[in-house]
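Comments concern the structure below.
2 protein chains.
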Amino acid sequence: SFWSLGCGSVLNEKGEVEMDAIIMDGKNLDSGAVSAVKCIANPIKLARLVMEKTKHMLLTDHGAHLFAQAMGIPATPGENLITERSRERWKKNLEPDSNPEEFQKDLGTVGAVAIDSEGNVACATSTGGLSNKLIGRVGDTACIGSGGYADNRSGATSTTGHGESIMKVVLARLILYHMEQGMSPEMAADTALDYMKTRVGGLGGVIVVNNSGEWAARFSTKQMSWATVKDDQLHYGIYAGERHTRSIDEALTSESEGF
Amino acid sequence: SFWSLGCGSVLNEKGEVEMDAIIMDGKNLDSGAVSAVKCIANPIKLARLVMEKTKHMLLTDHGAHLFAQAMGIPATPGENLITERSRERWKKNLEPDSNPEEFQKDLGTVGAVAIDSEGNVACATSTGGLSNKLIGRVGDTACIGSGGYADNRSGATSTTGHGESIMKVVLARLILYHMEQGMSPEMAADTALDYMKTRVGGLGGVIVVNNSGEWAARFSTKQMSWATVKDDQLHYGIYAGERHTRSIDEALTSESEGF
């Protein structure tokens, strides 16, 4: 489910969950991130603690775990974060005739952008990265400007897709540059995603909000699950052009029926 | 000396050398980086292997060491990378009445930008980061767009200074945006450094080259050692406004006398 971020992540070449996460506050450009963390159920919470409790922006691997320990966050046994589905995909990618790139559908990334009534924006992103990645591979999500960026002067964005392509074009910062120059969130997102596709051949998806509260969810991949809440309305979709709308009350009622 | 990058780096809170490095090729925006590596004498060489031998952009800590091993790079005992000077600074910062921020003069970072006769640009940066940093702290140097960026369409830059501030403004990418919009390397560097100072209070220094071969070395810190080679002339300086010029032949002669 949406809330147990670590669980269900894709696995690295060794069959382990290794996650990256970032959070950023658009008011002062402060940010916190962790990379290559295992045995952490909610890496985004750890990223937030890096932002709030240290003078640093990014802690990695062993040092991030020492910090989690110092903050009193219990380690979650790695196998608790592994689902049957992620193990199946991992095994499939190990087969000699497999094409792991086919399976890079980026099912694991969760991104969020938000704006409050005073115009403060923020973003957060959390992911297991690429299936069957090398141990210690860090993707866009831990990298400020690539996996996310938030600035009250323009807006906030969170990205997903092929991490290495996103990093090459520093996608999140690029989107905000376009907005600084007057583009709408939708135009900024499409322009940056088109650039990434033509310049380095990478696909991705982004959610964007500007500092007036206009938003967009855009992707060059085949699909991206997205949802927005604005003025008590829930908007959501998965495929290009798809957009459903319901009232929040209605959505919450049907959600609780699902449990 | 300039060439033994790892040796002499500042130490983390535990008294160890932990380094970040990045390299980027402006032709295809490909890049390689490592973060939080110990026992590696030349992290920039490992970053280059990440770029050339993997599909990834950034490997961290344990995974980076496994990769180094797989590439046949021998581990250097950590204590061989520690100098008397770096240990002195580390000890001083541990004293109860010390102000470690006073000693953050960023003595350890080495950056380079280059352009060839065909207009291809590249950058490389390598650092031990901040003295007495938390274990696993990753700074701007491992983060593409912050510690360096290279794009044949505009130029290349390598940054140094307060890493967390550099990351907040994604300094390297910011400088290239300014150049894309027509600024000279010097103006782009000064504009971006001024922005970093006023927006987040951080100081730094940068070297920049544009795709016509114009270059600048600019800093808001008190000093930054820099040197340029162009048309068989060596230019170099340390303090603001300082600029010496000698012929390469002359410089090489006096250099070899020094050994």
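Note that the protein sequences, when read in sequence, are chains E and S. Using this note's numbering, read the first sequence as starting at 282 and increasing by one per residue. Using this note's numbering, read the second sequence as starting at 282 and increasing by one per residue. Ideal placement from N, C-alpha and C gives every residue a C-beta, glycine not left out. Predicted model only: the values in this text are computed from it and were never measured.
Same chain only: Cβ atoms within 6 Å of residue i, ignoring 5 sequence neighbours per side
| i | result |
| --- | --- |
| Ile-396/S | Val-402, Val-490, Gly-494 |
| Lys-308/S | Asn-401, Asn-433 |
| Arg-527/E | Leu-515 |
| Gly-483/E | His-443, Ser-446, Met-477 |
| Glu-299/S | Asn-293, Ala-317, Lys-319 |
| Ile-425/S | Ser-312 |
CB contact below 7 Å: residue i versus chain S
| i | result |
| --- | --- |
| Tyr-458/E | yes |
| Met-448/E | yes |
| Val-451/E | yes |
Straight-line gap, residue i to residue j (C-alpha atoms, nearest Å)
| i | j | result |
| --- | --- | --- |
| Asn-323/S | Ser-398/S | 27 Å |
| Ala-405/S | Ser-312/S | 10 Å |
| Leu-375/E | Tyr-520/S | 56 Å |
| Gly-428/S | Asp-342/S | 18 Å |
| His-337/E | Phe-348/E | 12 Å |
| Leu-459/E | Val-450/E | Note that residue 459/E is His in the sequence shown, not Leu. C-alpha separation (whole angstroms): 13 Å. |
| Gly-485/E | Leu-457/E | 16 Å |
| Val-331/S | Tyr-476/S | 32 Å |
| Arg-368/E | Met-464/S | 51 Å |
| Leu-310/S | Ser-501/S | 28 Å |
| Met-305/E | Ser-439/E | 10 Å |
| Val-318/S | Ile-447/S | 21 Å |
| His-346/E | Asn-492/S | 43 Å |
| Thr-441/E | Lys-373/S | 44 Å |
| Ala-328/S | Gly-389/E | 27 Å |
| Gln-504/S | Val-391/S | 14 Å |
| Thr-479/E | Leu-411/S | 38 Å |
| Glu-461/E | Ser-435/E | 6 Å |
| Thr-422/E | Glu-333/E | 19 Å |
| Met-552/S | Gly-289/E | An answer regarding residue 552/S cannot be provided, because it is not within the stretch 282 to 540 covered by chain S. |
| Ser-379/S | Arg-370/S | 10 Å |
| Trp-507/S | Gly-417/S | 29 Å |
| Gly-344/E | Gly-522/E | 43 Å |
| Ala-314/S | Ser-535/E | 47 Å |
| Pro-377/E | Gly-409/E | 23 Å |
7 Å Cβ cutoff, residue i in contact with chain E
| i | result |
| --- | --- |
| Cys-320/S | no |
| Ser-290/S | no |
| His-343/S | yes |
| Arg-370/S | no |
| Arg-454/S | yes |
| Glu-445/S | yes |
| Leu-347/S | yes |
| Leu-310/S | yes |
| Val-481/S | yes |
Close Cβ partners of residue i (< 8 Å) along its chain, the five nearest in sequence each way excluded
| i | result |
| --- | --- |
| Ile-529/E | Val-510, Asp-513, Gln-514, Leu-515 |
| Thr-357/S | Gly-287, Cys-320, Ile-321, Ala-322 |
| Tyr-430/E | Met-305, Cys-404, Ala-437, Thr-438, Ala-453, Arg-454, Ile-456, Leu-457 |
Same chain, Cβ closer than 7 Å to residue i, five either side skipped, listed in chain order
| i | result |
| --- | --- |
| Phe-540/S | The predicted model places Phe-540/S with a pLDDT of 42, which falls under 50 and marks its position as unreliable; any figure quoted below should be read in that light. So the list is empty, once near-sequence residues are dropped. |
| Arg-524/E | His-516, Gly-518 |
| Glu-467/S | Ala-497, Arg-499 |
| Lys-414/E | Asn-293, Glu-294 |
| Ile-325/E | Leu-286, Ala-302, Ile-304, Ala-405, Ser-407 |
| Ala-532/E | Leu-515 |
| Ala-470/S | Ile-456, Val-487, Val-489, Ala-497, Arg-499 |
| Gly-359/E | Glu-297, Val-298, Lys-319, Cys-320 |
Within-7 Å CB hit, residue i to chain A
| i | result |
| --- | --- |
| Ala-317/E | Given the protein chain composition of this structure (E and S), no chain A is represented. |
Distance cut-off 6 Å: residue i Cβ against heavy atoms of the ligand SAH
| i | result |
| --- | --- |
| Leu-484/E | This structure does not include the ligand SAH; it has no bound ligands of any sort. |
**Request:** List in chain order: all unbroken alpha helix (DSSP H) runs of 4+ residues lying wholly within the stretch 314-344 of chain S.
**Result:** Segments of the alpha helix (DSSP H) lying fully in the stretch 314-344 of chain S: 324-334.
**Prompt:** Closer than 9 Å, Cβ to any Cβ of chain E: which residues of the stretch 414-427 of chain S, in chain order?
**Reply:** Those residues of the stretch 414-427 of chain S placed with their C-beta closer than 9 Å to a C-beta in chain E are Lys-414, Leu-415, Ile-416, Gly-417, Arg-418, Val-419, Gly-420, Asp-421, Ala-423, Cys-424, Ile-425, Gly-426, Ser-427, ordered along the chain.
**Message:** Along the stretch 321-342 of chain E, where does the CB come closer than 8 Å to a CB of chain S? Name the residues.
**Reply:** Taking 8 Å as the Cβ-Cβ cut-off against chain S, the residues of the stretch 321-342 of chain E that qualify are Thr-335, Lys-336, His-337, Met-338, Leu-339, Leu-340, Thr-341, Asp-342.
**Prompt:** In the stretch 454-535 of chain S, which residue ranges form an unbroken alpha helix (DSSP H) of at least 4 residues, counting only runs that do not cross its ends?
**Reply:** The qualifying runs are 466-481.
**Request:** Pick out the complete beta strand (DSSP E) segments inside the stretch 406-451 of chain E, 3 residues or longer, and give them in chain order.
**Result:** Runs of beta strand (DSSP E) with 3 or more residues, each lying fully within the stretch 406-451 of chain E, are found at 429-432, 436-442, listed in chain order.
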